[in-house]
Amino acid sequence: MKMGIVKMKRREFLYGATAIGALAGCSPKGEASSANTAPAAAPAAREKASWMKDALAHGEMIANGQMTALGQAEIAISRSQKLNETLNFIVTPTYDQARDVAKGALPSGPFAGVPTLTKDLQETIGVRTAYGSRAFMKNIPDHDHRIVTAMKAAGLVSIGKSATPEFGFLPTTEPLAFGPTRNPWNPEHSTGGSSGGSAAAVAAGVVPMAQSSDGGGSIRIPANCCGLFGMKASRGRWPDSDGTDWELTVKGFVTHSVRDSQTSMATIAATDRGLPSPVLAKEAGKKAYKIGFATKDGWGNEVHPDCKKAVLMAAKTCADLGHHVEEAAPAYSVQPFNDAFMTLWSFGAKQVVGNVSKAMGGKPVPHEALEPVTWWLYKNVADKDPSVLEAVYAQFAAEREAARAYYQDYDFYLTPVLGEPAVKIGRIDQSGDLDALFDWMRSYVPFTPYANATGHPAMSVPTLWTKDNVPVGVQFEGGFGDEANLFALASQIEEAAPWAHRWPDMA
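Using our numbering, the first residue of the sequence shown is number 15, and each one after it goes up by one.
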(Lines of atoms letter the chains of each structure in order from A; the text may use other names.)
(Lines give C-alpha, C1' and ligand atoms only; values in the text may rest on other atoms or scores of the structure.)
Protein backbone atom coordinates (compact mmCIF):
# COMPACT_ATOMS: atom_id res chain seq x y z
CA MET A 15 0.00 0.00 0.00
CA LYS A 16 1.25 3.45 -0.87
CA MET A 17 0.49 6.54 1.16
CA GLY A 18 -0.79 8.78 -1.61
CA ILE A 19 -1.09 12.54 -1.35
CA VAL A 20 -4.68 13.14 -0.25
CA LYS A 21 -6.24 16.51 0.40
CA MET A 22 -9.15 17.91 2.37
CA LYS A 23 -10.80 21.22 1.63
CA ARG A 24 -9.38 24.00 3.76
CA ARG A 25 -12.84 24.92 5.08
CA GLU A 26 -13.46 21.32 6.18
CA PHE A 27 -10.08 21.19 7.89
CA LEU A 28 -10.51 24.47 9.72
CA TYR A 29 -13.99 23.50 10.90
CA GLY A 30 -12.79 20.16 12.25
CA ALA A 31 -9.66 21.60 13.82
CA THR A 32 -11.61 24.41 15.47
CA ALA A 33 -14.01 21.90 16.99
CA ILE A 34 -11.16 19.76 18.29
CA GLY A 35 -9.38 22.83 19.63
CA ALA A 36 -12.49 23.90 21.50
CA LEU A 37 -13.02 20.44 22.97
CA ALA A 38 -9.40 20.22 24.11
CA GLY A 39 -9.88 22.87 26.77
CA CYS A 40 -13.28 21.90 28.15
CA SER A 41 -15.44 18.91 28.97
CA PRO A 42 -18.98 18.24 30.18
CA LYS A 43 -19.54 18.93 33.83
CA GLY A 44 -18.25 16.13 35.99
CA GLU A 45 -16.11 14.58 33.25
CA ALA A 46 -12.34 14.85 32.83
CA SER A 47 -10.90 16.16 29.60
CA SER A 48 -8.43 13.90 27.84
CA ALA A 49 -6.19 16.91 27.21
CA ASN A 50 -5.44 18.34 30.60
CA THR A 51 -3.19 21.21 31.53
CA ALA A 52 -0.51 19.74 33.76
CA PRO A 53 0.17 21.34 37.16
CA ALA A 54 2.60 24.24 36.97
CA ALA A 55 4.78 25.68 39.69
CA ALA A 56 3.78 29.04 41.16
CA PRO A 57 5.36 32.03 39.37
CA ALA A 58 7.45 32.97 42.40
CA ALA A 59 8.84 29.44 42.62
CA ARG A 60 9.67 29.46 38.92
CA GLU A 61 11.63 32.68 39.33
CA LYS A 62 13.68 31.32 42.24
CA ALA A 63 14.43 27.81 40.99
CA SER A 64 17.52 27.85 38.78
CA TRP A 65 16.92 24.23 37.75
CA MET A 66 13.72 25.31 35.98
CA LYS A 67 15.67 27.46 33.51
CA ASP A 68 16.79 26.17 30.14
CA ALA A 69 20.39 25.28 29.31
CA LEU A 70 21.25 28.63 27.73
CA ALA A 71 20.00 30.40 30.85
CA HIS A 72 22.21 28.07 32.93
CA GLY A 73 25.16 29.05 30.77
CA GLU A 74 24.32 32.73 31.09
CA MET A 75 24.20 32.47 34.91
CA ILE A 76 27.69 30.97 34.89
CA ALA A 77 29.05 33.50 32.40
CA ASN A 78 27.78 36.51 34.35
CA GLY A 79 28.83 35.17 37.74
CA GLN A 80 25.37 34.55 39.20
CA MET A 81 26.30 30.90 39.74
CA THR A 82 29.37 28.73 39.35
CA ALA A 83 29.60 25.60 37.26
CA LEU A 84 30.27 23.66 40.47
CA GLY A 85 27.17 25.14 42.08
CA GLN A 86 25.04 24.04 39.15
CA ALA A 87 26.63 20.59 39.17
CA GLU A 88 25.84 20.21 42.87
CA ILE A 89 22.18 21.12 42.30
CA ALA A 90 21.93 18.59 39.47
CA ILE A 91 23.65 15.90 41.55
CA SER A 92 21.39 16.58 44.54
CA ARG A 93 18.24 16.39 42.41
CA SER A 94 19.54 13.25 40.73
CA GLN A 95 20.12 11.55 44.07
CA LYS A 96 16.60 12.46 45.22
CA LEU A 97 14.75 11.47 42.05
CA ASN A 98 16.76 8.62 40.53
CA GLU A 99 15.55 6.09 43.09
CA THR A 100 12.01 6.57 41.79
CA LEU A 101 12.64 7.28 38.11
CA ASN A 102 15.84 5.29 37.41
CA PHE A 103 17.22 7.57 34.69
CA ILE A 104 20.95 7.26 35.56
CA VAL A 105 22.60 3.86 35.29
CA THR A 106 26.18 4.99 35.99
CA PRO A 107 26.65 8.18 38.04
CA THR A 108 29.80 10.24 37.45
CA TYR A 109 29.31 12.75 40.23
CA ASP A 110 32.93 13.04 41.32
CA GLN A 111 34.17 13.39 37.75
CA ALA A 112 31.53 16.07 37.17
CA ARG A 113 32.71 18.02 40.21
CA ASP A 114 36.30 17.86 38.99
CA VAL A 115 35.32 19.14 35.54
CA ALA A 116 33.15 21.91 37.00
CA LYS A 117 35.99 23.08 39.25
CA GLY A 118 38.49 23.16 36.40
CA ALA A 119 39.09 25.53 33.52
CA LEU A 120 36.15 25.58 31.14
CA PRO A 121 36.10 26.68 27.50
CA SER A 122 34.05 29.65 26.42
CA GLY A 123 30.69 28.99 24.84
CA PRO A 124 26.96 29.09 25.53
CA PHE A 125 26.90 25.73 27.34
CA ALA A 126 30.17 25.99 29.29
CA GLY A 127 29.63 24.53 32.76
CA VAL A 128 26.06 23.39 32.11
CA PRO A 129 25.17 19.99 33.66
CA THR A 130 23.98 17.23 31.35
CA LEU A 131 23.82 13.45 30.89
CA THR A 132 25.49 11.17 28.35
CA LYS A 133 23.45 8.33 26.89
CA ASP A 134 24.68 4.85 27.81
CA LEU A 135 25.20 4.01 24.14
CA GLN A 136 28.10 6.48 23.79
CA GLU A 137 31.58 5.40 24.88
CA THR A 138 33.15 7.60 27.55
CA ILE A 139 36.76 7.07 28.53
CA GLY A 140 37.09 5.55 32.00
CA VAL A 141 33.31 5.37 32.56
CA ARG A 142 31.27 2.18 32.30
CA THR A 143 29.36 2.06 29.04
CA ALA A 144 27.00 -0.91 29.17
CA TYR A 145 24.80 -0.18 26.15
CA GLY A 146 21.87 -1.14 28.40
CA SER A 147 23.03 -4.76 28.31
CA ARG A 148 24.02 -7.41 30.83
CA ALA A 149 26.76 -8.44 28.39
CA PHE A 150 28.67 -5.18 28.95
CA MET A 151 28.22 -4.50 32.65
CA LYS A 152 32.01 -4.36 33.12
CA ASN A 153 32.85 -2.49 29.92
CA ILE A 154 35.15 0.49 30.60
CA PRO A 155 36.07 2.17 27.28
CA ASP A 156 39.54 3.58 26.67
CA HIS A 157 38.24 6.24 24.29
CA ASP A 158 35.50 8.83 23.91
CA HIS A 159 32.78 8.64 21.29
CA ARG A 160 32.94 11.60 18.91
CA ILE A 161 29.82 13.17 20.39
CA VAL A 162 31.35 12.89 23.88
CA THR A 163 34.47 14.65 22.61
CA ALA A 164 32.29 17.40 21.15
CA MET A 165 30.34 17.75 24.41
CA LYS A 166 33.54 18.09 26.42
CA ALA A 167 34.85 20.68 23.97
CA ALA A 168 31.64 22.66 24.50
CA GLY A 169 32.19 22.62 28.27
CA LEU A 170 29.17 20.51 29.15
CA VAL A 171 29.48 18.75 32.51
CA SER A 172 28.08 15.21 32.42
CA ILE A 173 26.88 13.87 35.78
CA GLY A 174 26.28 10.33 34.53
CA LYS A 175 25.25 7.84 31.88
CA SER A 176 21.53 7.85 31.11
CA ALA A 177 19.40 4.73 30.77
CA THR A 178 18.63 3.13 27.42
CA PRO A 179 17.03 -0.15 26.33
CA GLU A 180 19.51 -2.83 25.32
CA PHE A 181 21.49 -1.42 22.37
CA GLY A 182 18.70 1.12 21.83
CA PHE A 183 16.51 -1.48 20.12
CA LEU A 184 13.14 -0.68 21.76
CA PRO A 185 10.74 2.29 21.98
CA THR A 186 10.57 2.02 25.77
CA THR A 187 13.42 2.12 28.28
CA GLU A 188 13.14 -1.04 30.37
CA PRO A 189 16.48 -2.86 30.09
CA LEU A 190 16.67 -6.12 32.01
CA ALA A 191 20.15 -5.09 33.13
CA PHE A 192 18.97 -2.01 35.04
CA GLY A 193 15.19 -2.08 35.28
CA PRO A 194 12.62 0.34 33.88
CA THR A 195 12.98 4.09 33.64
CA ARG A 196 9.76 5.78 34.74
CA ASN A 197 7.99 8.82 33.39
CA PRO A 198 8.11 11.82 35.76
CA TRP A 199 4.59 12.82 34.70
CA ASN A 200 3.13 9.45 35.62
CA PRO A 201 5.59 6.84 36.93
CA GLU A 202 3.30 4.00 35.86
CA HIS A 203 4.05 4.95 32.26
CA SER A 204 7.10 4.65 30.03
CA THR A 205 9.45 7.46 29.07
CA GLY A 206 9.69 6.04 25.58
CA GLY A 207 12.98 4.96 24.10
CA SER A 208 15.64 4.69 23.40
CA SER A 209 16.75 7.98 25.00
CA GLY A 210 14.37 7.43 27.90
CA GLY A 211 16.82 8.13 30.71
CA SER A 212 17.85 11.43 29.17
CA ALA A 213 14.23 12.51 28.67
CA ALA A 214 13.18 11.56 32.21
CA ALA A 215 16.05 13.56 33.72
CA VAL A 216 15.27 16.68 31.69
CA ALA A 217 11.52 16.42 32.32
CA ALA A 218 12.16 16.10 36.07
CA GLY A 219 14.43 19.15 36.12
CA VAL A 220 17.62 17.28 36.97
CA VAL A 221 19.55 18.65 33.99
CA PRO A 222 18.32 21.21 31.44
CA MET A 223 19.37 19.18 28.39
CA ALA A 224 20.65 15.64 27.90
CA GLN A 225 22.47 13.87 25.10
CA SER A 226 20.37 11.50 23.01
CA SER A 227 20.47 9.61 19.73
CA ASP A 228 17.89 8.64 17.13
CA GLY A 229 17.97 5.65 14.78
CA GLY A 230 14.22 5.19 14.35
CA GLY A 231 12.65 7.75 16.66
CA SER A 232 14.82 7.57 19.77
CA ILE A 233 15.01 11.34 20.31
CA ARG A 234 11.49 12.13 19.16
CA ILE A 235 9.69 9.33 21.00
CA PRO A 236 11.05 10.11 24.51
CA ALA A 237 10.54 13.84 23.90
CA ASN A 238 6.95 13.06 22.96
CA CYS A 239 6.40 10.89 26.03
CA CYS A 240 7.99 13.36 28.47
CA GLY A 241 6.69 16.72 27.23
CA LEU A 242 9.99 17.90 25.73
CA PHE A 243 11.32 19.23 22.44
CA GLY A 244 13.39 16.82 20.37
CA MET A 245 15.01 17.36 16.98
CA LYS A 246 16.33 14.49 14.88
CA ALA A 247 18.82 16.19 12.56
CA SER A 248 19.53 15.57 8.89
CA ARG A 249 21.94 12.76 8.11
CA GLY A 250 25.50 14.03 8.42
CA ARG A 251 24.70 16.98 10.67
CA TRP A 252 26.32 15.68 13.88
CA PRO A 253 30.02 14.80 14.33
CA ASP A 254 29.44 11.07 14.86
CA SER A 255 28.15 10.76 11.33
CA ASP A 256 30.09 10.42 8.11
CA GLY A 257 26.98 11.36 6.17
CA THR A 258 26.86 8.11 4.18
CA ASP A 259 23.57 7.42 2.47
CA TRP A 260 22.17 4.75 4.77
CA GLU A 261 23.43 5.75 8.17
CA LEU A 262 20.22 5.81 10.22
CA THR A 263 21.35 7.15 13.58
CA VAL A 264 22.12 10.75 14.44
CA LYS A 265 22.96 12.32 17.79
CA GLY A 266 21.38 15.30 19.50
CA PHE A 267 19.74 16.44 22.73
CA VAL A 268 16.35 16.45 24.37
CA THR A 269 15.55 19.91 25.70
CA HIS A 270 12.82 22.04 27.22
CA SER A 271 13.32 24.95 24.85
CA VAL A 272 13.62 25.18 21.10
CA ARG A 273 16.55 27.59 21.41
CA ASP A 274 18.61 25.06 23.39
CA SER A 275 18.19 22.48 20.64
CA GLN A 276 18.95 24.95 17.88
CA THR A 277 22.02 26.34 19.65
CA SER A 278 23.36 22.86 20.36
CA MET A 279 23.12 22.04 16.67
CA ALA A 280 24.75 25.31 15.66
CA THR A 281 27.65 24.95 18.10
CA ILE A 282 28.22 21.40 19.35
CA ALA A 283 27.41 19.74 16.02
CA ALA A 284 29.43 22.26 14.00
CA THR A 285 29.98 19.87 11.09
CA ASP A 286 30.52 21.03 7.55
CA ARG A 287 28.92 18.57 5.13
CA GLY A 288 27.53 21.19 2.80
CA LEU A 289 24.35 21.39 4.87
CA PRO A 290 22.68 24.78 5.33
CA SER A 291 23.04 26.45 8.73
CA PRO A 292 20.37 25.35 11.23
CA VAL A 293 19.98 29.02 12.20
CA LEU A 294 17.83 31.44 10.23
CA ALA A 295 17.74 35.19 10.51
CA LYS A 296 14.59 36.08 12.43
CA GLU A 297 12.88 37.63 9.44
CA ALA A 298 13.56 34.53 7.32
CA GLY A 299 11.30 32.42 9.51
CA LYS A 300 8.27 34.64 9.01
CA LYS A 301 7.17 33.19 5.67
CA ALA A 302 3.89 31.33 5.41
CA TYR A 303 4.67 27.63 5.31
CA LYS A 304 2.71 24.95 3.46
CA ILE A 305 2.12 22.00 5.79
CA GLY A 306 0.64 18.61 4.97
CA PHE A 307 -0.67 16.40 7.75
CA ALA A 308 -1.98 12.91 8.47
CA THR A 309 -3.90 11.43 11.40
CA LYS A 310 -3.79 7.82 10.20
CA ASP A 311 -0.80 5.54 9.84
CA GLY A 312 0.46 4.35 6.48
CA TRP A 313 -1.88 1.38 6.43
CA GLY A 314 -4.87 3.65 6.94
CA ASN A 315 -5.36 2.73 10.60
CA GLU A 316 -6.67 5.28 13.08
CA VAL A 317 -4.29 6.30 15.84
CA HIS A 318 -5.35 6.78 19.46
CA PRO A 319 -7.86 9.67 19.82
CA ASP A 320 -5.41 11.71 21.90
CA CYS A 321 -2.74 11.37 19.21
CA LYS A 322 -5.20 12.42 16.51
CA LYS A 323 -6.36 15.32 18.66
CA ALA A 324 -2.76 16.47 19.12
CA VAL A 325 -2.25 16.62 15.34
CA LEU A 326 -5.44 18.60 14.79
CA MET A 327 -4.56 20.97 17.64
CA ALA A 328 -1.09 21.54 16.18
CA ALA A 329 -2.56 21.98 12.71
CA LYS A 330 -4.97 24.61 14.02
CA THR A 331 -2.13 26.42 15.80
CA CYS A 332 -0.19 26.49 12.53
CA ALA A 333 -3.24 27.74 10.62
CA ASP A 334 -3.82 30.44 13.23
CA LEU A 335 -0.19 31.49 12.75
CA GLY A 336 -0.93 32.10 9.08
CA HIS A 337 0.39 28.87 7.57
CA HIS A 338 -1.44 26.85 4.92
CA VAL A 339 -2.43 23.44 6.29
CA GLU A 340 -4.08 20.56 4.45
CA GLU A 341 -4.30 16.80 4.68
CA ALA A 342 -1.54 15.37 2.49
CA ALA A 343 1.00 12.57 2.95
CA PRO A 344 4.10 11.44 1.05
CA ALA A 345 3.67 8.48 -1.29
CA TYR A 346 5.68 6.08 0.87
CA SER A 347 5.55 2.34 0.12
CA VAL A 348 4.47 1.33 3.59
CA GLN A 349 4.74 -2.45 3.76
CA PRO A 350 7.93 -2.76 1.67
CA PHE A 351 9.50 -0.02 3.77
CA ASN A 352 8.56 -1.70 7.04
CA ASP A 353 9.94 -5.02 5.81
CA ALA A 354 13.19 -3.31 4.78
CA PHE A 355 13.51 -1.46 8.08
CA MET A 356 12.94 -4.68 10.03
CA THR A 357 15.66 -6.40 8.01
CA LEU A 358 18.18 -3.66 8.75
CA TRP A 359 17.13 -3.57 12.41
CA SER A 360 17.69 -7.32 12.61
CA PHE A 361 21.13 -7.06 11.03
CA GLY A 362 21.97 -4.61 13.80
CA ALA A 363 21.22 -7.35 16.31
CA LYS A 364 23.29 -9.81 14.28
CA GLN A 365 26.23 -7.42 14.46
CA VAL A 366 25.75 -7.14 18.23
CA VAL A 367 25.85 -10.92 18.66
CA GLY A 368 29.02 -11.03 16.59
CA ASN A 369 30.64 -8.29 18.65
CA VAL A 370 29.76 -10.00 21.92
CA SER A 371 31.17 -13.28 20.64
CA LYS A 372 34.35 -11.50 19.56
CA ALA A 373 34.68 -9.93 23.02
CA MET A 374 34.39 -13.45 24.46
CA GLY A 375 37.25 -14.74 22.33
CA GLY A 376 35.02 -16.18 19.63
CA LYS A 377 32.95 -18.34 21.97
CA PRO A 378 29.19 -18.78 21.46
CA VAL A 379 27.18 -16.10 23.24
CA PRO A 380 25.23 -17.47 26.23
CA HIS A 381 21.51 -16.97 25.80
CA GLU A 382 21.22 -15.16 29.12
CA ALA A 383 23.81 -12.55 28.07
CA LEU A 384 21.35 -10.81 25.76
CA GLU A 385 17.68 -9.97 25.99
CA PRO A 386 14.97 -12.04 24.24
CA VAL A 387 14.19 -9.16 21.85
CA THR A 388 17.82 -9.02 20.72
CA TRP A 389 17.80 -12.76 20.06
CA TRP A 390 14.46 -12.50 18.22
CA LEU A 391 15.90 -9.86 15.90
CA TYR A 392 19.09 -11.86 15.42
CA LYS A 393 17.21 -15.00 14.43
CA ASN A 394 15.39 -13.11 11.67
CA VAL A 395 18.64 -12.84 9.71
CA ALA A 396 20.97 -15.36 11.35
CA ASP A 397 21.29 -17.35 8.12
CA LYS A 398 21.10 -14.41 5.71
CA ASP A 399 24.01 -12.93 3.80
CA PRO A 400 24.58 -9.16 4.09
CA SER A 401 23.99 -8.93 0.35
CA VAL A 402 20.25 -8.83 1.11
CA LEU A 403 20.85 -5.32 2.42
CA GLU A 404 21.16 -4.09 -1.16
CA ALA A 405 17.39 -4.53 -1.50
CA VAL A 406 16.94 -2.66 1.79
CA TYR A 407 18.98 0.27 0.54
CA ALA A 408 17.08 0.28 -2.76
CA GLN A 409 13.82 0.52 -0.82
CA PHE A 410 15.16 3.37 1.27
CA ALA A 411 16.18 5.13 -1.95
CA ALA A 412 12.59 4.83 -3.15
CA GLU A 413 11.32 6.39 0.09
CA ARG A 414 13.87 9.17 -0.22
CA GLU A 415 12.58 9.90 -3.71
CA ALA A 416 9.00 9.97 -2.37
CA ALA A 417 10.09 12.44 0.29
CA ARG A 418 11.93 14.57 -2.26
CA ALA A 419 8.80 14.78 -4.40
CA TYR A 420 6.66 15.67 -1.39
CA TYR A 421 8.92 18.50 -0.28
CA GLN A 422 8.75 20.09 -3.69
CA ASP A 423 5.14 20.92 -2.80
CA TYR A 424 5.21 21.13 1.01
CA ASP A 425 7.52 22.62 3.62
CA PHE A 426 6.62 20.18 6.41
CA TYR A 427 4.76 16.95 7.08
CA LEU A 428 2.80 16.82 10.37
CA THR A 429 1.90 13.49 12.01
CA PRO A 430 1.53 11.89 15.41
CA VAL A 431 4.81 10.76 16.94
CA LEU A 432 3.34 7.44 18.11
CA GLY A 433 0.17 5.48 17.47
CA GLU A 434 -0.89 5.90 21.10
CA PRO A 435 0.30 7.83 24.17
CA ALA A 436 3.20 6.55 26.27
CA VAL A 437 2.35 3.00 27.30
CA LYS A 438 2.46 1.64 30.82
CA ILE A 439 5.62 0.05 32.15
CA GLY A 440 5.56 -3.63 31.25
CA ARG A 441 3.58 -3.29 28.02
CA ILE A 442 6.68 -4.53 26.22
CA ASP A 443 6.93 -7.93 27.90
CA GLN A 444 9.90 -9.93 26.66
CA SER A 445 8.68 -13.09 28.37
CA GLY A 446 5.63 -13.32 26.10
CA ASP A 447 4.89 -13.83 22.41
CA LEU A 448 7.54 -11.76 20.64
CA ASP A 449 5.94 -12.16 17.21
CA ALA A 450 2.80 -10.52 18.59
CA LEU A 451 4.90 -7.90 20.36
CA PHE A 452 6.61 -6.80 17.14
CA ASP A 453 3.28 -6.77 15.31
CA TRP A 454 2.00 -4.34 17.94
CA MET A 455 5.18 -2.24 17.76
CA ARG A 456 4.58 -1.63 14.06
CA SER A 457 1.33 0.11 14.99
CA TYR A 458 2.92 1.88 17.96
CA VAL A 459 5.85 3.34 15.97
CA PRO A 460 4.51 3.82 12.42
CA PHE A 461 5.70 7.38 11.73
CA THR A 462 9.20 8.13 12.99
CA PRO A 463 11.43 5.63 11.09
CA TYR A 464 10.90 7.24 7.68
CA ALA A 465 13.03 10.28 8.52
CA ASN A 466 15.88 7.99 9.55
CA ALA A 467 15.72 6.10 6.26
CA THR A 468 15.46 9.22 4.09
CA GLY A 469 17.92 11.24 6.18
CA HIS A 470 15.47 14.10 6.59
CA PRO A 471 15.16 16.15 9.80
CA ALA A 472 12.12 15.74 12.04
CA MET A 473 11.10 17.15 15.39
CA SER A 474 8.73 16.29 18.23
CA VAL A 475 6.81 19.24 19.70
CA PRO A 476 4.78 18.99 22.96
CA THR A 477 1.06 19.49 22.35
CA LEU A 478 -1.29 18.10 25.02
CA TRP A 479 -1.48 16.10 28.26
CA THR A 480 -3.91 13.17 28.58
CA LYS A 481 -6.34 12.44 31.42
CA ASP A 482 -3.60 10.16 32.81
CA ASN A 483 -1.27 13.19 32.87
CA VAL A 484 0.90 11.77 30.08
CA PRO A 485 2.31 14.20 27.48
CA VAL A 486 1.53 13.76 23.79
CA GLY A 487 3.43 15.58 21.08
CA VAL A 488 3.38 15.77 17.31
CA GLN A 489 6.04 15.25 14.67
CA PHE A 490 6.98 17.73 11.96
CA GLU A 491 9.28 16.38 9.26
CA GLY A 492 11.05 18.73 6.85
CA GLY A 493 13.17 18.75 3.72
CA PHE A 494 16.74 17.50 3.83
CA GLY A 495 19.05 19.98 5.55
CA ASP A 496 16.16 22.30 6.42
CA GLU A 497 16.41 22.31 10.21
CA ALA A 498 16.42 26.12 10.15
CA ASN A 499 12.82 26.32 8.97
CA LEU A 500 11.76 23.55 11.35
CA PHE A 501 13.28 25.48 14.24
CA ALA A 502 11.58 28.66 13.01
CA LEU A 503 8.19 26.94 13.01
CA ALA A 504 8.87 25.34 16.40
CA SER A 505 9.73 28.73 17.87
CA GLN A 506 6.44 30.13 16.60
CA ILE A 507 4.50 27.23 18.13
CA GLU A 508 6.48 27.55 21.37
CA GLU A 509 5.33 31.16 21.65
CA ALA A 510 1.73 30.53 20.59
CA ALA A 511 1.20 27.33 22.60
CA PRO A 512 3.96 27.24 25.25
CA TRP A 513 4.89 24.14 27.21
CA ALA A 514 8.02 24.99 29.24
CA HIS A 515 5.96 26.27 32.20
CA ARG A 516 4.60 22.76 32.78
CA TRP A 517 6.36 20.58 35.35
CA PRO A 518 5.47 17.19 36.81
CA ASP A 519 4.45 17.21 40.47
CA MET A 520 7.50 15.25 41.57
CA ALA A 521 9.84 17.90 40.11
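The beta carbon of each residue, even a glycine, is placed where N, CA and C say it ideally should be.
Check, Outcome
"Reduced DSSP category for Arg142 - H, G, I as helix; E, B as strand; rest coil", "coil"
"Same chain, Cβ closer than 7 Å to Pro344, five either side skipped, listed in chain order", "Met17, Ala416, Ala417, Tyr420, Tyr427"
"Rounded C-alpha distance that separates Gly244 from His470", "14 Å"
"Endpoints, beta strand (DSSP E) assigned at Tyr427", "426-430"
"Counterpart residues of Glu340 in DSSP-defined beta bridges", "Gly306"
"Bridge partner(s) assigned by DSSP for Ser227", "Lys265"
"Trp359 burial status per 10 Å Cβ neighbour count (16 or more: buried)", "buried"
"Lys166 in three-state terms, based on DSSP", "helix"
"Those runs of the alpha helix (DSSP H) which lie wholly inside the segment 389-423 and span at least 4 residues", "403-423"
"Straight-line Cα distance separating Gly314 from Asp447", "25 Å"
"Ile439 in three-state terms, based on DSSP", "coil"
"For Thr429 and Cys321, the rounded distance between their alpha carbons", "9 Å"
"Alpha carbon of Ala83 to alpha carbon of Gly193, nearest angstrom", "31 Å"
"CB contact flag (Pro129, Gly73, <8 Å)", "no"
"Burial state of Met151 (16 or more Cβ within 10 Å)", "exposed"
"Inter-residue spacing [alpha-carbon to alpha-carbon] between Glu404 and Gly207", "28 Å"
"Contact belief for Gly210 with Leu131 at Cβ below 8 Å, rounded distance in angstroms", "Actually they are not in contact, since the Cβ atoms of Gly210 and Leu131 sit about 11 Å apart, beyond 8 Å."
"Three-pair Cβ contact test at 8 Å for the segment 172-183 versus the segment 152-159", "no"
"Cβ pair Glu202, Val317 closer than 8 Å", "no"
"Enclosing alpha helix (DSSP H) for Val370 [first to last residue]", "348-373"
"Integer Cβ distance of Ser248 from Phe494, believed to fall under 8 Å", "6 Å"
"First and last residue of the uninterrupted alpha helix (DSSP H) at Ser172", "No alpha helix (DSSP H) contains Ser172, which is instead part of the beta strand (DSSP E) from 171-176."
"Ala472 burial status per 10 Å Cβ neighbour count (16 or more: buried)", "buried"
"Ile173 beta carbon less than 8 Å from that of Ala90", "yes"
"Alpha-carbon to alpha-carbon, Gly79 and Ala302", "41 Å"
"The segment 220-231 touching the segment 454-467, judged by at least three CB pairs closer than 8 Å", "yes"
"Rounded Cβ spacing between Gly487 and Thr477 (contact assumed at less than 8 Å)", "5 Å"
"Option nearest Ala412 by Cα separation, candidates Asn102, Tyr346, Met66, Ala177", "Tyr346"
"Touching by the beta-carbon criterion (3+ pairs, under 8 Å), the segment 211-224 and the segment 258-277", "yes"
"Residue interval of the alpha helix (DSSP H) (run including Met327)", "319-334"
"Assigned secondary structure, Thr186 (DSSP; H/G/I helix, E/B strand, else coil)", "coil"
"C-beta atoms of Cys239 and Pro400 nearer than 8 Å", "no"
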